[in-house]
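Sequences listed follow chains A and B, in order. Going by my numbering, 138 is the number at position 138 of the first sequence; the sequence numbering is gapless. For any residue, its number in my numbering is found by taking its place in the second sequence, counting from 1, and adding 284. Each remark here refers to the structure printed beneath this line.
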Amino acid sequence: MTMMRASRNQSAAADIADGVNSLPGASIYSRRATAMVERFWLAIRSSQWLMVASGFMEPLFYLGAFGYGLGSFIGNVQADSTHTVSYAAFLAPALLANSAMNGAIYESTWNVFFKMHFAKLYQGIMATSMGPLDVALGEIMACLLRGLIYAIAFMAVMLPLGLIPCWWGGLLAIPAAMFIAFGFASCGLAITSYLKSFQQMDWVQFALLPMLLFSGSFYSLDVYPTPIRILLEALPLHQGVALIRGLTLGQLDYALLGHLAYFTVMAVGGVIFATKRIEAMFLR
Amino acid sequence: MNETPTGTDAMIVATGLRKTYDDFTAVDGIDFTVTRGESFGLLGPNGAGKSTTMRMIACTSQRTGGTLEILGRDTDHHGPWIRAHLGVVPQQDNLDRELTVTENLYIYGRYFGLGKKFINAKVEELLEFAQLTEKRDAKVDSLSGGMKRRLTIARALINEPEILMLDEPTTGLDPQARHILWDRLFRLKEMGVTLIITTHYMDEAEQLCDRLVVMDKGKFMAEGTPAGLIQQHCSREVIEVRFGSERNAEVADQIRDLAVRLEILPDRILMYTDDGERDLARMVERGLHPITSLVRRSSLEDVFLRLTGRSLVD
Ligand SMILES: Nc1ncnc2c1ncn2[C@@H]1O[C@H](COP(=O)(O)OP(=O)(O)OP(=O)(O)O)[C@@H](O)[C@H]1O
Ligand SMILES: [Mg+2]
């Protein structure tokens, strides 16, 4: 059997490491986050299609029940100062924002928690030339991949149903949903790294429900007195709903930039925190 | 215990290496140098600090004090670069349970940034190496403990490491698998791979290691070649005699002068001597007839027990 190279020649892995080592931040980042995505793909290919399918079905159920069911009692609604749309069309973009959040949170909390504490996955990965930032970014990108599948599938249903007043806004809503997912996934990852038990995981799930109910998904937050409205508008899901709804209405304005900035802060803050935590958990 | 690094061939250099967890000291100021192609063994009772030392070398645990350089670079600042040169077999398998055998090897190569073609060729080699070709598409959970161990070892070789770290590599393997593994490790060594091994099997240490340290409570108790350690810390031969548990202590006083050192255990007496047959004969001449007697060469196990004591500490 021909194991191993001739003794003194440098290995391919060592050559690669030499190339990376001169780049900035090489002690935490090997520019290899995509390997985590590849792993995610291998893992879901064999076992998790069902979960992906269920995540995609959820917004469709909401749309059927609330958008069309409840919506038939409601009729048309005022989506913003200039647009009046059917209730289903009012709800649809919010469901996309919601599913981007749910996919990202599910992946970055439950799945990551399991990998951190039970599967010992990161211990194995940290023994390779991957750095903590590779792992953090890679996990987030894996969440995004799941979110991207949801978003494309959902949009493929919404557009033909005529629920998107502005088609190019609908297309832009897909990358926007990725932005939302990135923000939630990186914060989810950072939060999960502090959690110690499954009970604490339930709190995360518990916090998501009021966020959905008071996100402006089902009705406009204008119904509340100003102080409460401002408080609710500051919640991340509302920001996501407003972003996607604005796009699907073709309403390009500075408010959208504000929402994007909001998720940029979430994403960057989350990544920094998550990287530090992964370093503390697996490299101390 | 210090050794001077021999030029550029020093693979690992540690001085005053320490690791504390809160206020507990797991590794308490150890110095060692490992040179290229050497195979270096860490022995020691449970909790001695072997795995902690291994993790610091593997750059997955930061030292609390001292210095640690691998291939001339500080482990604190060059983790990913150093790890690209290492193969790590941890004490507890941490295979990817969501993936198959082949996928485990493949994705591990990807973590090192290796190309698909390179990896795919390598995977075939490693499957054969670990004798897992038939199980190539099996999920990890369906493997036996020994197969998992072999897969973990194969996985550690995917990046063609210069230094292979093996933390109790053969625990849980059957004798056949153990001997096959020894043979494989020996071949790696011949190809110039540096081996760092911890083990609780003294025969394994004797077979595989050029140099050993015995570790206890975070400190090195002794260091040397297997033969050297025996010579230094033990007599050449050991006589084991049994007089029955009540009589052992009483007889001990009558034979104390025959041995270099005497150890009285509940069930038997160990006499450390330079010529076992001769001293056993002398004992019989004194009218002492043990129920059973055995003369054997002293072994690494005798050294180990002498240095680290017979009782369980924790
Ligand atoms: N993460 C940790 N936090 C706190 N204490 C730890 C940690 N890891 C190890 N220790 C302690 O450090 C000491 C040395 O542990 P280590 O795992 O290095 O021992 P070992 O020599 O490998 O033992 P064994 O032969 O049982 O594998 C032990 O007392 C252990 O409890
Ligand atoms: Mg150990």
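C-beta: ideal position from N, C-alpha, C; glycine also.
With respect to 6 Å, is the separation between the Cβ of residue 120 of chain A and the closest non-hydrogen atom of ligand 3 below this value? The model on display carries ligand 1 and ligand 2 but not ligand 3.
Report yes if the C-beta distance between residue 606 of chain B and residue 321 of chain B is below 7 Å; otherwise report no. Because chain B spans 285 through 598 in this model, residue 606 of chain B falls outside it and cannot be assessed.
Quick test of your reading: residue 332 of chain B and residue 501 of chain B, contact by CB under 8 Å. State the CB separation rounded to the nearest angstrom. By 1-based counting over the second sequence, the position of residue 332 of chain B is 48. By 1-based counting over the second sequence, the position of residue 501 of chain B is 217. At roughly 7 Å, the Cβ-Cβ gap stays under 8 Å, so residue 332 of chain B and residue 501 of chain B are in contact.
Would you call the region 424 to 443 of chain B and the region 454 to 472 of chain B in contact, with 3 or more CB pairs under 8 Å? Yes, the region 424 to 443 of chain B is in contact with the region 454 to 472 of chain B.
So, helix, strand or coil for residue 293 of chain B, using DSSP? For this step, residue 293 of chain B is matched to residue 9 along the second sequence. Helix.
Can you have a look at residue 573 of chain B and say buried or exposed, based on whether 16 or more other CB atoms are within 10 angstroms of its CB? What you label residue 573 of chain B is simply residue 289 of the second sequence in a count that begins at 1. Around the beta carbon of residue 573 of chain B, fewer than 16 other beta carbons lie within 10 angstroms, which makes this residue exposed.
Chain A contacts from the region 389 to 415 of chain B (Cβ-Cβ distance under 7 Å): From the region 389 to 415 of chain B, only 391, 392, 394, 395, 396, 397, 398, 402, 409, 412 and 413 have a Cβ closer than 7 Å to chain A.
Taking 6 Å as the cut-off, is the CB of residue 305 of chain B close to at least one heavy atom of ligand 1? Indexing the second sequence from 1 puts residue 305 of chain B at position 21. With a cutoff of 6 Å, residue 305 of chain B counts as near ligand 1, since its C-beta is closer than that to a heavy atom of the ligand.
Is the shortest distance between the beta-carbon of residue 290 of chain B and the beta-carbons of chain A less than 7 Å? Position 6 of the second sequence, counting from 1, holds the residue named residue 290 of chain B. With a pLDDT of 45 at residue 290 of chain B, under the threshold of 50, the modelled position of that residue is not reliable, and no figure is offered here.
With contact counted as at least three CB pairs below 8 Å, one residue from each stretch, are the region 115 to 128 of chain A and the region 67 to 84 of chain A in contact? Taking one beta carbon from each stretch, the region 115 to 128 of chain A and the region 67 to 84 of chain A have fewer than 3 pairs nearer than 8 Å; the two do not touch.
Considering Cα atoms alone, identify which of A:189, A:206 and A:167 is closest to residue 247 of chain A. Translated into positions along the first sequence, residue 247 of chain A becomes position 247. For the residues A:189, A:206 and A:167, the minimum Cα distance to residue 247 of chain A belongs to A:167.
Under the criterion of a Cβ to heavy atom distance below 6 Å, does residue 335 of chain B qualify as lining ligand 1? Sequence index remark: in the second sequence, residue 335 of chain B carries index 51 (1-based). Correct: residue 335 of chain B has its Cβ closer than 6 Å to ligand 1.
Please confirm whether any heavy atom of ligand 2 lies closer than 6 Å to the CB of residue 376 of chain B. Residue mapping note: residue 376 of chain B aligns to position 92 of the second sequence, counting from 1. Here the distance from the Cβ of residue 376 of chain B to the nearest heavy atom of ligand 2 is not below 6 Å.
How would you write the range of the alpha helix (DSSP H) that residue 171 of chain A sits in, first residue to last? On the first sequence, residue 171 of chain A is found 171 positions in, with the first residue counted as 1. Judged by DSSP secondary structure, residue 171 of chain A falls within the alpha helix (DSSP H) whose first and last residues are 167 to 192.
Give a yes or no on contact between the region 105 to 117 of chain A and the region 138 to 154 of chain A, applying the rule of three or more CB pairs nearer than 8 Å. The answer is yes - the region 138 to 154 of chain A touches the region 105 to 117 of chain A, with three or more Cβ pairs under 8 Å.
Do residue 396 of chain B and residue 14 of chain A have their CB atoms nearer than 7 Å? Numbered from its first residue, the second sequence carries residue 396 of chain B at position 112. Numbered from its first residue, the first sequence carries residue 14 of chain A at position 14. Contact: no.
Can you give the beta carbon distance from residue 449 of chain B to residue 342 of chain B, rounded, assuming they're within the 8 Å contact cut? Stepping through the second sequence from its first residue, residue 449 of chain B is reached at position 165. Stepping through the second sequence from its first residue, residue 342 of chain B is reached at position 58. So it is a contact: roughly 6 Å between Cβ atoms.
Assuming residue 344 of chain B and residue 118 of chain A form a contact by the criterion Cβ under 8 Å, report the distance between their Cβ atoms to the nearest whole angstrom. Within the second sequence, residue 344 of chain B is the residue found at index 60, counting from 1. Within the first sequence, residue 118 of chain A is the residue found at index 118, counting from 1. About 18 Å; that fails the 8 Å criterion.
Any Cβ of chain B within less than 7 Å of the Cβ of residue 123 of chain A? The residue labelled residue 123 of chain A in the question sits at position 123 within the first sequence. Answer yes: the Cβ-Cβ gap between residue 123 of chain A and chain B drops below 7 Å somewhere.
Rounding to the nearest angstrom, what Cα-Cα distance links residue 589 of chain B and residue 499 of chain B in this structure? Residue numbering aside, residue 589 of chain B sits at position 305 when the second sequence is read from its first letter. Residue numbering aside, residue 499 of chain B sits at position 215 when the second sequence is read from its first letter. So the alpha carbons of these two residues sit roughly 12 Å apart.
Under the DSSP definition of a beta bridge, which residues are partnered with residue 305 of chain B? Sequence index remark: in the second sequence, residue 305 of chain B carries index 21 (1-based). Its beta-bridge partners are B:308.
Of all Cβ atoms in chain A, is any one closer than 7 Å to the Cβ of residue 361 of chain B? Translated into positions along the second sequence, residue 361 of chain B becomes position 77. Residue 361 of chain B has a beta carbon lying within less than 7 Å of a beta carbon in chain A.
Rounded to whole angstroms, what's the CA-CA distance from residue 534 of chain B to residue 357 of chain B? Just pull it up for me. The residue given as residue 534 of chain B occupies position 250 in the second sequence. The residue given as residue 357 of chain B occupies position 73 in the second sequence. C-alpha separation (whole angstroms): 59 Å.
Can you tell me whether residue 99 of chain A is buried or exposed? The criterion is at least 16 other CB atoms within 10 Å of its CB, across all chains shown. As a working mapping, residue 99 of chain A is identified with position 99 in the first sequence. Here residue 99 of chain A is buried. Its C-beta has 16 or more other C-beta atoms within 10 Å.
Could you tell me whether the region 259 to 276 of chain A touches the region 175 to 184 of chain A, using the rule of 3 or more Cβ pairs below 8 Å? A contact exists between the region 259 to 276 of chain A and the region 175 to 184 of chain A.
Can the beta-carbon of residue 144 of chain A be found closer than 7 Å to that of residue 29 of chain A? Stepping through the first sequence from its first residue, residue 144 of chain A is reached at position 144. Stepping through the first sequence from its first residue, residue 29 of chain A is reached at position 29. Their beta carbons are not under 7 Å apart, which means residue 144 of chain A does not touch residue 29 of chain A by this criterion.
Which listed residue (A:40, A:39, A:68 and A:108) has its alpha carbon closest to that of residue 189 of chain A: As a first step, residue 189 of chain A is located in the first sequence; it is residue number 189 there, counting from the start. When only C-alpha atoms are compared, the closest one is A:108.
Taking DSSP's pairing of strands, which residues face residue 498 of chain B in a bridge? For the purposes of this step, residue 498 of chain B is taken as the residue at position 214 of the second sequence. DSSP output for residue 498 of chain B lists B:327 and B:506 as bridge partner(s).
If we count the other Cβ atoms within 10 Å of its Cβ and call it buried at 16 or more, is residue 203 of chain A buried or exposed? Stepping through the first sequence from its first residue, residue 203 of chain A is reached at position 203. By the 10 Å Cβ count, residue 203 of chain A comes out exposed.
Counting contacts by CB-CB distance shorter than 7 Å, is residue 289 of chain A in contact with chain B? Outside the modelled stretch of chain A, which goes from 1 to 284, sits residue 289 of chain A, for which no answer is possible.
Checking 7 Å against the spacing of the C-beta atoms, do residue 379 of chain B and residue 424 of chain B come in under that value? Position 95 of the second sequence holds residue 379 of chain B. Position 140 of the second sequence holds residue 424 of chain B. Annotated as proximal: residue 379 of chain B and residue 424 of chain B, with beta-carbon spacing under 7 Å.
Determine the DSSP secondary structure at residue 402 of chain B, reduced to helix, strand or coil. The residue given as residue 402 of chain B occupies position 118 in the second sequence. It is helical.
How many Å lie between residue 222 of chain A and residue 373 of chain B at the Cα? Residue numbering aside, residue 222 of chain A sits at position 222 when the first sequence is read from its first letter. Residue numbering aside, residue 373 of chain B sits at position 89 when the second sequence is read from its first letter. Taking the straight line from one Cα to the other gives about 60 Å.
Would you say the region 501 to 510 of chain B touches the region 537 to 550 of chain B, given that touching needs at least three Cβ pairs under 8 Å? The region 501 to 510 of chain B is not in contact with the region 537 to 550 of chain B.
Could you tell me the boundaries of the beta strand (DSSP E) in which residue 545 of chain B lies? Within the second sequence, residue 545 of chain B is the residue found at index 261, counting from 1. Here the beta strand (DSSP E) through residue 545 of chain B covers 545 to 548.
Helix or strand or just coil, what does DSSP make of residue 133 of chain A? On the first sequence, residue 133 of chain A is found 133 positions in, with the first residue counted as 1. Residue 133 of chain A: helix per DSSP, three-state reduction.
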